[in-house]
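Take any residue in the sequence shown, count from 1 to its spot, add 79: that is its number in the working numbering.
Read the structure below first, then the notes.
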Amino acid sequence: QNIKTVRIGNSVKSIGESAFSNCGSLISVIIGNNVTEIRESTFMDCINLENVTIGNSVTSINKWAFCCCSKLAHITIPDSVTSIKELAFRSCEQLSHITIGAGVAEIGDSAFWGCNIDTIICRSITPPKLFRAYHSDWKGDGLTSFESFETLIVPVGSEEAYSKSEWGGYIDGI
80 QNIKTVRIGN
90 SVKSIGESAF
100 SNCGSLISVI
110 IGNNVTEIRE
120 STFMDCINLE
130 NVTIGNSVTS
140 INKWAFCCCS
150 KLAHITIPDS
160 VTSIKELAFR
170 SCEQLSHITI
180 GAGVAEIGDS
190 AFWGCNIDTI
200 ICRSITPPKL
210 FRAYHSDWKG
220 DGLTSFESFE
230 TLIVPVGSEE
240 AYSKSEWGGY
250 IDGI
């Protein structure tokens, strides 16, 4: 468990579930351009993970993929990604800056819950679908893809589409 850097080469097409979970010494990950999905819990609880480069063939980031990577401060989701599943980046406490690629169509429940997000750059002209969690003990049906964020930057001309979508619930609260 003394692995500090993982470089997944372009010849690799798949990484197994939980492949690097709980790897406490891992600091940097580079995912090659032939990997098509980041599976459940692949990097979960990598508490020292700071740098992640996601290859541009990844189309899905699955549940708990980067959950509890408490030192991860920024992430760029490439345009090839179409979905970020629930809990994917949950409790990444230092995550403050996210760039979401143009291909992302949906962001699951609590995908970025427990993060301290300042800025989101969303490259998609059409707002990605956000999900709501309905819990019997909640008084309302709060948006839960994100707990909160301060700044949302979207493509010119798409501001109205974002404000009329699920994203508007965040924008109105800022």
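Ideal Cβ placement from N, Cα and C applies to all residues, glycine included.
Because the structure is a prediction, the values reported are computed rather than measured.
With a cutoff of 8 Å on beta-carbon distance, GLY187 and SER224 are scored as near each other. The three-state secondary structure of GLU116, taken from DSSP, is strand. By the C-beta density criterion, ASP158 is exposed, having fewer than 16 other C-beta atoms within 10 angstroms. Going by DSSP, SER242 is part of the alpha helix (DSSP H) stretching over 238-243. Rounded to whole angstroms, the gap between the alpha carbons of SER175 and SER149 is 11 Å.
For ILE87, the enclosing beta strand (DSSP E) covers residues 84-87. Of the candidates GLY182, GLU172, ALA181, SER203, GLU172 places its Cα closest to the Cα of ALA190. With fewer than 16 other CB atoms across the displayed protein chains lying within 10 angstroms of its CB, THR205 is exposed. Taking a contact as a CB-CB distance under 8 Å, the pair PHE228 and ASP197 counts as one, their CB atoms being some 7 Å apart. Within the region 110-191, the beta strand (DSSP E) runs of at least 3 residues that lie entirely inside it are, in chain order, 130-132, 153-156, 176-179. Taking 8 Å as the cut-off, the beta carbon of VAL114 is found closer than this to the beta carbon of SER136. Excluding the 5 residues flanking it on each side, THR178 has same chain C-beta neighbours closer than 6 Å at THR155, ILE200, in chain order.
Rounded to whole angstroms, the Cβ separation of LYS83 and ILE106 is 5 Å, and the two are in contact under 8 Å. Taking all protein chains in view, the Cβ of ASN141 is crowded by 16 or more other Cβ atoms within 10 Å, so the residue is classified as buried.
For LEU209, the pairing in a beta bridge is given by DSSP as ILE186.
The Cβ neighbour count for GLY103, taken over all protein chains shown within 10 Å, is under 16; the residue is labelled exposed.
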